[in-house]
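Chemist: Structure below; questions to follow.
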Amino acid sequence: MPTRIDYDAKIPNNVELSDNRRLQRALEGWQPKFMNWWAEMGPALETQGVYLRTAVSVGREGWAHFDHVVPQDYRWGIFLSERDPDRRIAFGEHRGEPAWQQVPGEYRADLQRLIVIQGDTEPASVEQQKLLGLTAPSLYDLRNLFQVNVEEGRHLWAMVYLLHAYFGKEGREEAEALLYRNSGSPDTPRILGAFNEETADWLAFYMFTYFTDRDGKYQLGTLKESAFDPLSRTCEFMLKEEAHHMFVGTTGVDRVVTRSAELIREHDTMDIASHGGIPLDLIQRYLNFHYTVSLDLFGSETSTNAANYYTSGLKGRWMETRRKDDHQLTDDAATLEKPQPDGTWTTEEMQKILLLNLDLRGEYIADCESGVKRWNKILGDAGIDFRFRLPHPGFNRKVGINSGHHITPDGTIVDEATWERGRKHWLPSDEDLTFVRSLMHPVYERGKIASWVAPPRQGINGKPFDYEYVYL
Amino acid sequence: MTTVSFDRRPEDYRHWRLRVEPPLAWLEMDVDENGGLVDGYELKLNSYDLGVDIELYDAVQRLRFEHPEVRAVILTSAKDKVFCAGANIRMLAGSPHEWKVNFCKFTNETRNGIEDATENSGQIYLAAVNGTCAGGGYEIALACEKILLVDDNSSTVALPEVPLLGVLPGTGGLTRVTDKRRVRKDRADVFATRPDGVKGRTAVDWRLVDELVPRQDFRQVVEQRARELAARSTRPEDATGITLEPLDREVTDERITYPNVTAELDRDTGVVTITVRGPRADGWLLAMTRELDDLILRLRTNEPELGTWVLRTEGDPDAVLAAEREVLTGTDWLSNEILHYYKRTLKRLDVTSRSLIALIEPGSCFAGVLLELALACDRQYMLDGPPIDDEDSDERACVVLSDANFGAFPMGNGLSRLESRFYGEHDHLDWLKRERDRRLSAGEAVELGLVTEAPDDIDWEDEIRIVLEGRAALSPDALTGMEANHRFVGPETIETKIFGRLTAWQNWIFTRPNASGPDGALRRYGTGQKATFDRKRV
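First to last, the sequence lines map onto chains A and B. Each number in our numbering corresponds to the 1-based position in the first sequence with 638 added. Each number in our numbering corresponds to the 1-based position in the second sequence with 28 added.
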């Protein structure tokens, strides 16, 4: 029986909030603070209505209801996937025991920390994207931006619900702190580095939603395996919404590449900057940057924290239940490639349980490859020889065993001076950023689109591209 | 086992940066991950091992002697987002038991040194906690007069040993939290069972830190607070420091020799004979103290099987008294520093887990400051007769009490060694006071209770041999426990609590299977597997 979401309540939910007065009061106390945060840190562009998708139930069908909504009137709430009453823990030392419906005291601090870190990333991207509405290339894109933003806001609600419902006073304090840290703030920055970077232009936004939101997908995927059932169910539902963000990224980069390919064919030159397009090598540099910053989000290749979380049952592997091993990993080995000061790579065999971050990152990299293939197909179909590629995972890293080494996109270990000389070929330079920014003029007219990006193949929910997605 | 040297120079520090900007000094922790004293662990996140703390000790020491112009010291981290993650757990897991305990002892002596500089030298320490601060990292901050915590909504202070590790958090941190900072005991309990620690307003409300400072203003506010502390300082204006030159030391397998101190190592009997020579040149007290300090540290760290230390002196008692008078009556900053340095060195002896035996013979100079060495010992033997190798000589052993023995060099319990020896016996102490500044014979020393025995020249050699052999036959652990009990009579202080617990609890908890067994906390740490605890409470 699919649980309907109660939109009549002050806080829409499918967790029978009205039966829990204490929790309801706590969340109703947080709600105005969230609204203040949205007003202050949310989208800078004001609109009269955006054609948004809103979940009405958490079942297969119910999460896609479309209508024009003024963003600040969006009904953020708490939606958990259906509960499987027979769910059992799939890994670690509690494997086979029933999933926990309450936080075990022993793991309270660890679980809280995991939820706080996940929660901290959600509103961060809203903050990072605050100004993008002012330079949207079309109403369609503007609508997608708002869709992403309101859902990131809801993901924050999802984590805040867990903090309020299961972690007492401390949880409520942490929930409040999520609103007081702000992306890029010199005083109280977001916890993870990537969420303090600027998302200054739309190419960056597409890259962010492709690469960084995809990290989110994998992190949520591991939390979905958690023995703590409410966390698992929350993440399962978030994953559905996350899929759309990645759709924005995938098709966004698609459309930029498509437009660049058109301009290359039209003018018979790779140098399309003067024709209002984004050159392919510049797109590659953006890709390099966003990909490597996102790799940092996976943490160190070796991690005892991740191992501890796994053993305790707090955080599993991607698709844990489909893995064919003992789900303990203490006796399994895996190899780790390490850069050496003499410029060579060595491999070290280690206990698999210590390399869980690497395992997850491997899944992620394989997924990222699929996008690159897609974009290359566009180039191939247009008869252009240029090919995008993911840089070596050691390139431009600030976290883990590769940080402190100077590794080129093809995986060669070089000295600092050589690397610095290559930097402008590999990563967006100030000129690149200035150029891309110079293209960012808003196009708010129905059916029109900016010069540097192709229109989408399909509109939203069967609507045409020239539909009035946003009332300005 | 690595032989550890305690020689350091600021220009060669691997883990710290010392910057002097009078009246302030910045002491920034920047631990080199690959700079561990022993192989087998990486010093991640500003975690430390003995080598890191030796440099800290050196810096604290040099600031006192070489930089009288410094009135406040800012202790902070050069790393982003982390102040200090505490003692390196892999190092602890890989270390033998005595190394662990010795390490904890040394780090606490360094922290006491920081507190001593703040209290007695007008060099006031301020901890600028600019990121995560856990375990021993917080203990370093606790040693400072004030703790400023960056208010970035994520940095915390924590003592996570209980919930994260399952070993003793009582290496000084807990005691300083309750006794020094007067954190309420229920809150201390909550604090010490939270793996993630406490941040922000709560940390201030609970007195775990003194002030929160916004991230952007951090450096500026820290400097301002340090200047305010500096203004309170009693440190002299316009004084010039002295240079602590490298020690002149010669080491062989049987002997460690300095100009004023010699140690003879007898591995067969497990005895070290330490001879301290009386003054022969100016600046003797400081020179001798530095040598003795270095020797104590080297023996403690590198020679755990030499369980008995015999302390001797050689020289002229009058010269000792003259040298001590200069320092004791001196009103200058340097005299003050020397006095407190000698005090700290004696305290090091007090907490050393070795049997300490003083031999007072003709030609010795156990007068005043050097008599403190004998009083620090577990037993004192005084030869009542001529020198053993010259029975025709008129020379006789003597001891001399002076002002130095009545409060100038308090022990960790806050009492002088004489007050500890004659605890609560005020009349006896008054009597001793009246016997100051004259040579006391063996007979008088026995009568006054200053020595354990005074054998004559016929019995001396046999008597001493039997004492030393008998000592060596006893259980070293039992001796450690017994000595630590006897040495600290009377009131508890923060120091006696810390060192008492290091001696007793740590000896116990660190060797329990829950910590050191194959499935214990230290072995399992970092493997991703949980420790298995024997659930019985003992």
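By construction, the Cβ of each residue, glycine as well, lies at the ideal position given by its N, Cα and C atoms. No experiment lies behind these values; they were computed from the predicted model shown.
Assess contact between the stretch 206–226 of chain B and the stretch 176–193 of chain B, defined as three or more Cβ pairs (one per stretch) separated by less than 8 Å. Is contact present?
Modeler: A contact exists between the stretch 206–226 of chain B and the stretch 176–193 of chain B.
Chemist: What distance in whole Å lies between the Cβ atoms of residue 949/A and residue 731/A, which are believed to be in contact at a cut-off of 8 Å?
Modeler: Right, the Cβ-Cβ distance comes to about 6 Å (below 8 Å), so this counts as a contact.
Chemist: Quick check on the burial criterion: 16 or more other C-beta atoms within 10 angstroms. Buried or exposed for residue 379/B?
Modeler: Buried, by the Cβ-count rule.
Chemist: Beta carbons nearer than 7 Å to chain A: which residues of the stretch 30–41 of chain B have them?
Modeler: Residues: none.
Chemist: Measure the alpha-carbon distance for residue 1042/A versus residue 1036/A and round it to whole angstroms.
Modeler: Between residue 1042/A and residue 1036/A, the C-alpha separation is close to 7 Å.
Chemist: Between residue 946/A and chain B, is the shortest Cβ-Cβ distance under 8 Å, so that the two count as touching?
Modeler: Residue 946/A counts as touching chain B.
Chemist: By how many angstroms is the C-alpha of residue 415/B removed from the C-alpha of residue 391/B?
Modeler: Residue 391/B and residue 415/B: Cα-Cα distance of roughly 8 Å.
Chemist: Run the CB neighbour count on residue 772/A, radius 10 Å, all protein chains shown included, and call it buried at 16 or more, exposed below.
Modeler: Burial call: exposed.
Chemist: Alpha carbon to alpha carbon, how far is residue 897/A from residue 885/A?
Modeler: Those two C-alpha atoms are separated by around 18 Å.
Chemist: If we call anything under 8 Å between Cβ atoms a contact, is residue 736/A one with residue 726/A?
Modeler: It is a contact, given that the beta carbons lie within the stated cut-off.
Chemist: Mind listing the chain B neighbours of residue 968/A? Cutoff is C-beta to C-beta under 9 Å, in chain order.
Modeler: Near residue 968/A (Cβ distances below 9 Å), the residues of chain B are 555, 556, 557.
Chemist: In this structure, how does DSSP classify residue 866/A when only helix, strand and coil are distinguished?
Modeler: Correct three-state label for residue 866/A: strand.
Chemist: Going by DSSP, what residues sit across from residue 102/B in a beta bridge?
Modeler: Looking at the DSSP assignment, residue 102/B forms a beta bridge with 54/B, 154/B.
Chemist: I need the DSSP call for residue 408/B, collapsed to helix, strand or coil.
Modeler: Three-state result, residue 408/B: strand.
Chemist: Could you tell me whether any Cβ in chain B is nearer than 8 Å to the Cβ of residue 1106/A?
Modeler: Cβ-Cβ to chain B under 8 Å: no for residue 1106/A.
Chemist: Between the alpha carbons of residue 1024/A and residue 1070/A, how many angstroms are there, rounded?
Modeler: Distance between the alpha carbons of residue 1024/A and residue 1070/A is about 19 Å.
Chemist: CB residue 113/B to CB residue 162/B, shorter than 8 Å?
Modeler: Yes, Cβ-Cβ distance for residue 113/B and residue 162/B is below 8 Å.
Chemist: In three-state terms, what does DSSP make of residue 656/A?
Modeler: DSSP places residue 656/A in helix when its eight states are reduced to three.
Chemist: How would you write the range of the beta strand (DSSP E) that residue 383/B sits in, first residue to last?
Modeler: Segment 383–388, the beta strand (DSSP E) holding residue 383/B.
Chemist: Exposed or buried, residue 189/B, counting other C-beta atoms within 10 Å across all chains shown (16 or more means buried)?
Modeler: Counting Cβ neighbours within 10 Å, residue 189/B comes out buried, since at least 16 surround it.
Chemist: Using 8 Å as the threshold, is the stretch 847–867 of chain A in touch with the stretch 904–914 of chain A, meaning 3 or more CB pairs across them?
Modeler: With a cut-off of 8 Å, the stretch 904–914 of chain A and the stretch 847–867 of chain A do not count as touching, because too few Cβ pairs lie within range.
Chemist: Pick out whichever of 857/A, 724/A, 776/A has its Cα sitting closest to the Cα of residue 753/A.
Modeler: Of 857/A, 724/A, 776/A, the residue nearest in Cα terms is 857/A.
Chemist: Consider the Cβ of residue 760/A: report whether some Cβ of chain B lies at a distance smaller than 8 Å.
Modeler: Taking Cβ atoms only, chain B never reaches closer than 8 Å to residue 760/A, which makes this a no.
Chemist: What number of angstroms, rounded off, separates the C-alpha of residue 57/B from the C-alpha of residue 105/B?
Modeler: If I take the Cα positions, the gap works out to 4 Å.
Chemist: Please go through the stretch 64–113 of chain B and give each complete beta strand (DSSP E) segment of 3 or more residues, from N-terminal end onward.
Modeler: Qualifying beta strand (DSSP E) stretches, in chain order: 100–105, 109–112.
Chemist: Which same chain residues end up closer than 6 Å to residue 844/A when comparing Cβ atoms and leaving out the 5 residues on each side of it in sequence?
Modeler: Closer than 6 Å at Cβ, skipping near neighbours: 887, 890, 891.
Chemist: Measuring only the C-alpha atoms, how far is residue 640/A from residue 695/A?
Modeler: Confidence at residue 640/A is low in this model, with a pLDDT of 48, below 50, so its placement is unreliable and no value can be given for it.
Chemist: What are the residues that DSSP puts in a beta bridge with residue 881/A?
Modeler: Bridge partners of residue 881/A: none, in fact.
Chemist: Whole angstroms is fine: what's the gap from residue 1100/A's alpha carbon to residue 977/A's?
Modeler: Spanning the two alpha carbons is a distance of roughly 50 Å.
Chemist: With DSSP as the reference, label residue 159/B as helix, strand or coil.
Modeler: DSSP places residue 159/B in strand when its eight states are reduced to three.
Chemist: For a quick check, are the C-beta atoms of residue 995/A and residue 556/B less than 8 Å apart?
Modeler: Cβ distance not < 8 Å, so residue 995/A and residue 556/B don't count as in contact.
Chemist: May I ask you to report which of helix, strand or coil DSSP gives residue 291/B?
Modeler: Of the three classes helix, strand and coil, the one that applies to residue 291/B here is strand, per DSSP.
Chemist: For residue 551/B and chain A, any beta-carbon pair shorter than 8 Å?
Modeler: Cβ-Cβ to chain A under 8 Å: no for residue 551/B.
Chemist: Output, in chain order, the set of chain A residues within a Cβ distance shorter than 9 Å of residue 60/B.
Modeler: Under the 9 Å cutoff, chain A gives no residues; its nearest Cβ is about 12 Å from residue 60/B.
Chemist: Let me make sure I understand the geometry here. Which of 1095/A, 659/A, 668/A has the alpha-carbon closest to that of residue 812/A?
Modeler: Of the candidates 1095/A, 659/A, 668/A, the one whose C-alpha sits nearest the C-alpha of residue 812/A is 668/A.
Chemist: Using a C-beta cutoff of 8 Å, does residue 888/A count as contacting chain B?
Modeler: Taking Cβ atoms only, chain B never reaches closer than 8 Å to residue 888/A, which makes this a no.
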